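Participant:
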Amino acid sequence: MINLKTYPNGLKVITEEIPYVNTFSVGMCFKTGSRKETKKLNGISHFVEHMIFKGTEKRNTKKITDEIESIGGYLNAFTTKEYTCFYAKGLNGTLNKTFEVLSDIIQHAIFDPKEIKKESGVIRDEILDYEDSPEDFIFDRFETEIYQGNSLAYPVLGTIENVSRFTQNDLKSFVKNNYGINNLIISVVGNVKEKTVYNLVPKFIVDLSNVKNNNGKTVKNIFPHNSFIQKNIQQSHIIIGEPVVGYNHKDRNIVRLLSIILGEGSSSRLFQTLREKNGIAYQIQSFLNSYRETSAFGIYVSTNNKVFPKAVDLIYKELNKLKQKKVSEKELRRAKEYLKGSIVIDLESTSNRMIRWAQSTIYFNRIKSVQEVLNEIDNIMREQILEQANITFNEEEFFSVLLSPNNSLGL
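Written as structure tokens, this is what we have:
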């Protein structure tokens, strides 16, 4: 059973006991990410995530990792545009120590200026790695274009200019304003008693104050346009897409199924048409990156420069087919099973369950059960897919981002 407890100070604690496993996963997630940044502070959420592991008042970097690894566990973290999560996985019987170490680093990081200087170099290399990867680069650039004028456009990693000049005061100020008790969600999944977790919370979560909640400005005033970036690379890469409904919208799972039918998996229409039938693309996929009130829907393809225009033409033909005729019951059933399977398989891991429940709480302020989601998917009809295709696949509202040695499409 999954339980969500909300404390008077706004702290939310999720527990799910799974008595037959030998491990647990614990996450401490703050509702803050690059969406809450300004242009000058873009990248600071991710920088803070790195620095949290670089020492506290009573532990240096090595001691933080040693204390967890010496009891068979591991620590990690990630930053998204809307939340940041620090988490650990451990063996049964080690929750107390794991919880204490995680609590220490999120509350007592010292942000040593010497460590800041070193870490800025590490993050600069991380940014350069992204820029050297055409796929990573174009995915970031796509969201920069479609959310232009909104903080959702900011890349999570930030810019080299910004990360080179962040100071201890910048980091401490950001943490003070965003790492609040009312912004924190603790999620624990595994062979752990609910009461045990509730006893640990007041013992170790003691030095966080309330902060002003700010979800970032709502996305509006979208102006479709094309963008061409010239690079001396071997293949052409393009993403075609637009903003669509977000996590909180009733039609999100319809769009999700539409994306699967179009370009997710080897049975999808785009994979079959471009790769299997025509042999003109190795990388072809559609995707849906969801946020609170919006999602970035796109189609990505990379291929030989000579056949690139043909690949794009075939993509638009497949889009029009989905707008003109209802999908078959068989194809819709395949898409439903593909989506349901990905959800259920993902939840075989305690770490994935821990993150999913935290994410559900962030976006819905409750635990949305797996069965509820599966029922929503099962109830979607062919007519809804057709209707959504005509809403979503409006070429006049599409953005295009092309990364190529030449502008073969005249964008």
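In the numbering used here, the protein residues as written are 1 to 411. Every residue gets a Cβ at the ideal spot worked out from N, C-alpha and C, and that includes glycine. No experiment lies behind these values; they were computed from the predicted model shown.
1) Thinking just about the alpha-carbon of each residue, which of 229, 220, 258 is nearest to the one in residue 243?
2) Rounded to whole angstroms, how far is the Cβ of residue 413 from the Cβ of residue 95, which I believe are closer than 8 angstroms?
3) Looking only at its own chain, which residues have a Cβ that is under 8 angstroms from the Cβ of residue 356, when we skip the five neighbours before and after it?
4) To the nearest angstrom, report how far apart residue 265 and residue 13 are at their CA atoms.
5) On the DSSP bridge list, what partners appear for residue 241?
6) Quick one: what's got a C-beta closer than 7 angstroms to residue 130's C-beta in the same chain, skipping five residues either side?
7) Please go through the same chain and pick out, in chain order, the residues whose beta-carbon is closer than 6 angstroms to the beta-carbon of residue 250, but skip the five residues on each side of it.
8) Quick one: what's got a C-beta closer than 8 angstroms to residue 225's C-beta in the same chain, skipping five residues either side?
9) In three-state terms, what does DSSP make of residue 186?
10) Buried or exposed: where does residue 61 fall if 16 or more other Cβ atoms within 10 Å of its Cβ makes it buried?
11) For the candidate residues 15, 92, 36, whose alpha-carbon lies nearest to that of residue 2?
12) Would you list the residues sitting across from residue 109 in a DSSP beta bridge?
13) Starting from residue 263, trace the alpha helix (DSSP H) both ways and give me its first and last residue.
14) Apply the 10 Å Cβ neighbour rule to residue 128 and answer buried if 16 or more other Cβ atoms are within range, or exposed otherwise.
15) Report the residue from 293, 290, 278, 274 whose alpha carbon sits nearest the alpha carbon of residue 284.
16) Apply the 10 Å Cβ neighbour rule to residue 22 and answer buried if 16 or more other Cβ atoms are within range, or exposed otherwise.
17) Is residue 130 helix, strand or coil by DSSP?
18) At what residues does the alpha helix (DSSP H) containing residue 163 begin and finish?
19) Per DSSP, which one or two residues make a beta bridge with residue 228?
20) Considering only residues of the same chain and omitting the five flanking positions on each side of residue 207, which have a CB-CB separation below 8 angstroms?
21) Work out the CA separation of residue 259 and residue 342 for me, nearest whole Å.
22) By alpha-carbon positions, which one of 32, 281, 334, 254 ends up nearest to residue 295?
23) Report yes if the C-beta distance between residue 40 and residue 216 is below 8 angstroms; otherwise report no.
24) By the three-class DSSP mapping on this structure, what secondary structure does residue 2 have?
25) Could you give the DSSP three-state label for residue 214: helix, strand or coil?
26) When DSSP labels each residue in this structure, what does residue 390 get in the three-state scheme?
27) Pairing CB atoms from the stretch 359-379 with CB atoms from the stretch 221-241, are three or more of them under 8 angstroms?
28) Are there 16 or more other CB atoms within 10 angstroms of the CB of residue 435, so buried, or fewer, so exposed?
29) What span of residues does the beta strand (DSSP E) with residue 27 cover, start to end?
30) Please classify residue 90: does DSSP put it in a helix, a strand, or coil?
31) How close, in whole Å, do the beta carbons of residue 84 and residue 75 come, if the pair is a contact with beta carbons under 8 angstroms?
32) So, helix, strand or coil for residue 200, using DSSP?
33) Taking the straight line between their C-alpha atoms, what separation do you get for residue 63 and residue 101?
34) I think residue 204 touches residue 92, with their Cβ atoms under 8 angstroms apart; what is that distance to the nearest whole Å?
35) Mapping DSSP to helix, strand and coil, what is residue 142?
36) In the DSSP assignment, find the beta strand (DSSP E) that holds residue 17 and state where it starts and stops.
Facilitator: From the atom records:
1) The option with the nearest alpha carbon to residue 243 is 220.
2) The question about residue 413 has no answer here: the residues shown for the chain are numbered 1 through 411.
3) Same-chain partners within the cutoff: 346, 347.
4) Distance between the alpha carbons of residue 265 and residue 13 is about 36 angstroms.
5) In DSSP, residue 241 forms a bridge with 298, 399.
6) Excluding sequence neighbours, residue 130 sits near 136, 137, 140, 157.
7) Nothing meets the Cβ criterion.
8) Excluding sequence neighbours, residue 225 sits near 145, 399.
9) Correct three-state label for residue 186: strand.
10) Exposed.
11) Nearest C-alpha to residue 2: 15.
12) Paired residues: 56.
13) Annotation: the continuous alpha helix (DSSP H) that includes residue 263 extends over 252-263.
14) Taking all protein chains shown into account, residue 128 has fewer than 16 neighbouring C-beta atoms within 10 Å of its C-beta and is therefore exposed.
15) In terms of CA proximity to residue 284, 274 leads the group 293, 290, 278, 274.
16) Looking at its Cβ environment, which holds fewer than 16 other Cβ atoms inside 10 Å, residue 22 is exposed.
17) In the displayed model, residue 130 falls within a helix according to three-state DSSP.
18) Per DSSP, residue 163 belongs to the alpha helix (DSSP H) from 160-163.
19) For residue 228, which the question treats as bridged, DSSP gives the partners 402.
20) 107, 108.
21) Between the alpha carbons of residue 342 and residue 259 lies a distance of about 14 angstroms.
22) In terms of Cα proximity to residue 295, the closest of 32, 281, 334, 254 is 254.
23) No, these two residues do not count as a Cβ contact at 8 angstroms.
24) Of the three classes helix, strand and coil, the one that applies to residue 2 here is strand, per DSSP.
25) If DSSP states are grouped into helix, strand and coil, residue 214 belongs with coil.
26) For residue 390, the secondary structure class from DSSP, reduced to helix, strand or coil, is helix.
27) With the cut-off at 8 angstroms, the stretch 359-379 and the stretch 221-241 do not touch.
28) Absent from the model: residue 435. The displayed extent of the chain is 1 to 411, so no value can be given.
29) Residue range 23-30 is occupied by the beta strand (DSSP E) that includes residue 27.
30) Strand at residue 90.
31) With 8 angstroms as the limit, residue 84 and residue 75 do not qualify as a contact, their Cβ atoms being about 14 angstroms apart.
32) In the three-state scheme derived from DSSP, where H, G and I count as helix and E and B as strand, residue 200 is classed as helix.
33) Looking at the two C-alpha atoms, the distance is approximately 10 angstroms.
34) About 19 angstroms separates the two Cβ atoms, so there is no contact after all.
35) Note: residue 142 maps to helix in three-state DSSP.
36) Start and end: 12-17.
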